[in-house]
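Here's the structure we're looking at; comments come further down.
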Amino acid sequence: MKIKTKLSIGFSLIALVTVISGFFSVNQAKEIYHHSKEANVKNVSLIDAVMEVELAITTAHLWFEEVISGAEDRATLANVWKLLEEALWYCNAMLEGGKSSEGTFYAVEDATIVVEIIAIKQEIEKFRKIAESRFSNLSDQQGLEDHLLDEKFDLAFEKLINITDTVETVIQAKTARDNQEADTSANHTMIFLTMTTFISIMTVFVVIYYSYREIMREVGGEPQAIAEITRQVAAGHLDLKIDSVKQVATGIYAAIQLMVKNLKAIRFQQEEQNWLKSGQTQLSNKMSGEQNVIQLAENIINFMTPYVEAQVGVFYLLTETGDKVCLKLLASYAYTWRKNLANEFKLGEGLVGQVALERKPIIITTVPDDYLHIQSGLGGSRPSAVLVMPLLYENTLKGVIELASLNQFSEIQLELLKQVAGYIAITLNTAESRVKMRELLQQSQAQTDILQQQSEQLQIQQEELQQTNEELQSQAEELQTQQEELRQTNEELEKRTQNLEQQREEIRKKNQILEETQKVIEAKAQELEIASKYKSEFLANMSHELRTPLNSLLILAQLLAENKDGNLSEKQLEYAKTIHSAGFDLLTLINDILDLSKVEAGKVEVNVENVILTELVTETLQKFRPVAEEKGLIFKVMTADHLPAMLRTDPQRLKQIINNLLSNAFKFTSQGEVKVMINRLSDQLNDLGLEADKMIAIHVIDTGVGIPKDKQRIIFEAFQQADGTTSRRYGGTGLGLSISRQLARLLGGEIQIHSQVDQGSTFTFYFPEVFIKTKEVPINLDNLSNSLPKSRLPKITEEKLSPLQFSPPVEVEPIFADDRDQLIPEDRIILVIEDDRKFSNILLELAHERHFKCIIAEDGKTGLQLTQKYQPNAIILDVGLPQLNGWTVMEQLKGNPQTCAIPVHFISAVDRSQEAKKQGAIGYLHKPVDLSELNQAFSTIEQFISKSLKKILIMTDHPQHQREILELINGHHLEVVLTSDQMGATQQLATQSFDCVILDADLEKKSGIHFLEQLDTDLLAIPVIIYATRELTAAEELIVQHCADHFTLKQVRSPQRLLDEATLFLHQLEAHLPKEEQRMLRMVHNKEALLEDKKVLIVDDDIRNTFALMTFLEDKKMEVIVGNNGKEALILLNEQPDIAIILMDVMMPEMDGYEAIQQIRAQSRFRKLPIIALTAKAMKGDKSKCIEAGANDYLSKPIDTDRLLSLMRVWLYP
């Protein structure tokens, strides 16, 4: 065989082997290439899908949290459901394949991954169901169910994240296996090529070379390099560098390059999206919380400017001042102001104004050289780009943001600014709304203060007008004159009878005359009785006829004087106030005449009660001190030693007499002093049967004009004054002293006068310490001074009297030395409100021993001011205080949200501990007290202050009541113990200490009230709130009344009142309560808001009254319905059963008020409907008749509008 042939055969064999091996190698390489490409494409799509699912869930979770916290509104939930739908779509795409804008997704073939993806899908459905359940109950106040849903919600989210992480791990493991298989195939191919290369030897070098080049061309690189690159890509390292020499246009290497490029693009998009969401989240955090507009603007511009890589930022706010609308610079970042630059722009002025006008952003990419320079400490440069962006809320301009940057703004930066512009506008609108709300609240408070001042001025005017009341007694004096004439006639008849005794015939005739005279007397007595009856009926009718027009006159005059529309001039307001004042004077005169008529007719009853002498004196001081200060007079009240602490008499009539005497004293005294001295009668009067040790004498002494002796008798007659001329200096009706003397005699006493012209007067009121009802005529002391020698007259001296109060108008008491100037923030502060300086000093020293700082207030008004200023940890309060007594101070403290949580401990000479505890006091000491009791009081205060967790026992087995109470009471710093039976409650009370008990009246089949009878006396200090949504039975009412004398009980019917009383007894701050509970408390305390939108039915046949009342109530935002008589009222009530309250006149045609009320109460659905009866007669028995007919309460005309509103609030919100 020729060498050529052999070589040809050998070459052919080698060529055949080479061809075969090359063919095999090429096929193997292609298979590796396609397998690797397909595996990587599928794995990358799976990773993308899983990352999209994880991103969607994470974003949804973040937005859920924002909605729960209130940073986002509920409209955001639509985007959240859309994200969850996208996550489910990606899950289906991984299971079944699919296409989207993000690319093509292939169905998973690995069973393990399929199972995990199905699990993800199921968890997403569960996640969405929990979210829908949670947000269907979304509210400001979270309950126990909401907390459980939140925990399930977070667990579902964590489980989803864990499953997606597991799927990513499984996919990465599969990618690694695929890469390993590709490496193995490549290694096998290389071994085969090596063997064929060695067999072919160097003779086939060229063939091998060209074959190798062909293989390398198809493969595109070394298999090891390809495998290494694939492993790095699978591990997520996309920042690898590929040798540029080996880069080819085709082959596996080219496919890998394309894959890396695509992965880098996907990662860049994800990073941009993350950057966007991170910016939104951080900005949301900057804008969260209660900030004013300036703080908000500074936070926004300080964050946004560096975040979008800008160097200068300016925030403009749209402001409206009258007709002027402009954009004002509110905040800036790295902005240097220059004189040629404006700080405000009108709409359409400059780029800022143009953006505001068009409501579209403007971007400048070529900035002139003379534009704003970005400056630093080293130099400055003009910006490359300027962006001006409007802030729109519901297409309403709120402001403009202007940013300048050294670089051009990227698309992602512009996208972020577009997205957050709406959020910023919403936040600005919210901040502005808060500012407006705060301004409206301040305006409302200012108006309230003005109304309070006006009310105080009106009260002062009323007190001054009371000084002009004098009494009508002409008819009584005429009757006394007739009786005296009859007595004289009887005496003459007796004398004639004695003289003619011997002459029986004359005696018989005289007897006949006497019989005839007796008949005449009886006839006259009957005539007097009929006249008295006619007079009573006349006064009742005149009262109705006068009070009816007065009612509308006073109400309408008051509404005009308030001038809420602001359309009256000062002169017109003065007219309205004058009309109201004159009407009130007329009403006072009518009342005085009625009082005099009742006294003369013997229809005034004495209601005997206990009268605490110290309280009577304190009230007198408080009432007349302003009058003394206004007139520049010294006012003293002095009491003798060994006077009883308590009197038994009629307190109303006693105060009426004292007020009349003091009113006259101040009225007729222009300089000097007015004194009140209280002592017993002189022992010298015992022989006259006056029992001095059982009689009290109140002397009212003034240094006024005095009364001439010849006028001292007539001043006690009705309509009489010492100076009755038309040119008299002092006005008045002359009824005050007449009524006072009649009332004094009614109480078993008398009024005596001692006066000299220009030297003053002394009125002495004698009355028994204990009232004894008797038919005997009271002792008349009017002429007592004439029947006794001067040596035996009782002397009024100040030697044995102790001054209770001395009030010159100019002298100012020195400030008590306390710790108010040495306070530091860490101090525990006790405020002592006590007018006894010696006792205050003792409390100050005890406070220092207990390491308290102590502040002293000597009157109630100052105590309230110091409480507001220093916010003490506790208060020690006396009852008998100047200016404002302790009960008023306590009421104002507990009515103020800022001071209601401060514990108050009473120390007073008056034993009224139950009343104090009902108002929320933590303790009560009755003076005199010893040191151990004071130490115990301080221990109580220390224990209360140090106790951070309050404990409350709730007794109810009613599911709805249980849910209502728990929703109201649950809160921070509060431990709630719930029991559903009386036995469990008894065990809890025996083993634990509670701060408050809430008792459901319906506990154990409506037997809850009976539990009060089982309470141990050791538990008397625990306040009990009875929650009764129904009317209590008569037996239950008796139990409550009996227990109220021993326990601190409060009965409520509404959830709002329950929350108010629980907050009072637990001393919780309103600011620490949830927003919904704060709103409920503000509604309870906001007296005006309680009546808004309530429907009231006015039943009255007088169009003037209905118009006045309708105008007044509509001004209070109430819905008013009017009926002319009882029949119309019943028709209107059936047509509109949602009426909240009825104002029912008594005297009406067709059907009067009594019958109408009875027919309303006959219907079971209206038995609890509040009804307030209105009458103009104001006679005895009217109120009892109204209550018996079924009315809840009673008012006489003319209507006192403040009292009407108070009664309506009481019966609408029991």
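Residue numbering for the sequence shown follows numbering that gives the first Met the number 0, beginning at 0 and increasing consecutively.
Ideal placement from N, C-alpha and C gives every residue a C-beta, glycine not left out.
Here the structure is a predicted model, which means the values were calculated and not measured.
- Residue pairing by DSSP puts residue 325 in a beta bridge opposite 318, 345.
- Contact annotation: residue 743 and residue 677 have beta-carbon atoms that are not nearer than 8 Å.
- Look at the beta carbons and you see the stretch 958 to 968 not touching the stretch 985 to 994: under three pairs across the two are nearer than 8 Å.
- Residue range 912 to 917 is occupied by the alpha helix (DSSP H) that includes residue 916.
- Across the set 1125, 1163, 1160, 1138, the C-alpha of 1125 shows the shortest separation from the C-alpha of residue 1145.
- Residue pairing of residue 350 in beta bridges, as defined by DSSP: absent, with no partner found.
- Rounded to the nearest angstrom, the gap between the Cα atoms of residue 633 and residue 288 is 57 Å.
- A Cβ-Cβ distance of about 19 Å is found for the pair residue 951 and residue 939, leaving them out of contact under the 8 Å criterion.
- For residue 876, the enclosing beta strand (DSSP E) has its first and last residue at 873 to 876.
- Residue 934 sits in a helix when the DSSP states are folded into three classes.
- Residue environment: residue 1195 is assigned as buried (16 or more neighbouring CB atoms within 10 Å of its CB, all protein chains considered).
- Assignment of beta-bridge partners to residue 998 by DSSP yields 954, 1025.
- With a threshold of 16 other beta carbon atoms within 10 Å, residue 1050 meets it and is buried.
- Following the DSSP letters along the chain, one finds residue 853 inside the beta strand (DSSP E) bounded by residues 852 to 856.
- Contact between residue 106 and residue 87 fails: their C-beta atoms lie close to 16 Å from each other, not under 8 Å.
- By the 16-neighbour rule on beta-carbons within 10 angstroms, residue 15 is exposed.
- Look at the stretch 1090 to 1167 and you find these whole runs of beta strand (DSSP E), each 3 residues long or longer: 1094 to 1098, 1118 to 1122, 1140 to 1144.
- Assignment of residue 824 by DSSP, reduced to helix, strand and coil, places it in the coil class.
- A distance below 6 Å between beta-carbons, with the five flanking residues on each side excluded, links residue 917 to the following residues of its chain, in chain order: 1047.
- If you look at residue 396, you'll find it in the beta strand (DSSP E) that goes 395 to 404.
- The three-state reading of DSSP puts residue 1192 in strand, counting E and B together.
- DSSP places residue 904 within a strand segment (E or B) once states are collapsed to three.
- Counting along the chain, residue 759 sits inside no alpha helix (DSSP H); it lies in the beta strand (DSSP E) bounded by residues 759 to 767.
- Of the candidates 363, 819, 855, 395, 363 places its Cα closest to the Cα of residue 407.
- Under the DSSP definition of a beta bridge, residue 392 partners with 395.
- Taken in chain order, the complete beta strand (DSSP E) segments of 3 or more residues contained in the stretch 252 to 298 number zero; there are none.
- Where residue 866 is concerned, the enclosing alpha helix (DSSP H) starts and stops at 859 to 869.
- Approximately 4 Å separates the beta-carbon atoms of residue 1153 and residue 1188; this is inside 8 Å, confirming the contact.
- Cα atoms of residue 1093 and residue 455: separation of roughly 29 Å, rounded to the nearest angstrom.
- With a cutoff of 8 Å on beta-carbon distance, residue 416 and residue 388 are scored as near each other.
- Counting along the chain, the unbroken alpha helix (DSSP H) around residue 622 starts and ends at 612 to 630.
- In the DSSP assignment, residue 678 falls within the beta strand (DSSP E) that extends over 672 to 679.
- The count of Cβ pairs closer than 8 Å, one atom from the stretch 1022 to 1037 and one from the stretch 879 to 899, stays below three, leaving the stretches out of contact.
- Looking at the DSSP output, residue 1041 sits in no beta bridge, so it has no partner there.
- Apart from the 5 residues on each side of it in sequence, residue 351 sits with its Cβ closer than 7 Å to the Cβ of 315, 326, 344, 387, 399, 401 in its chain, given in chain order.
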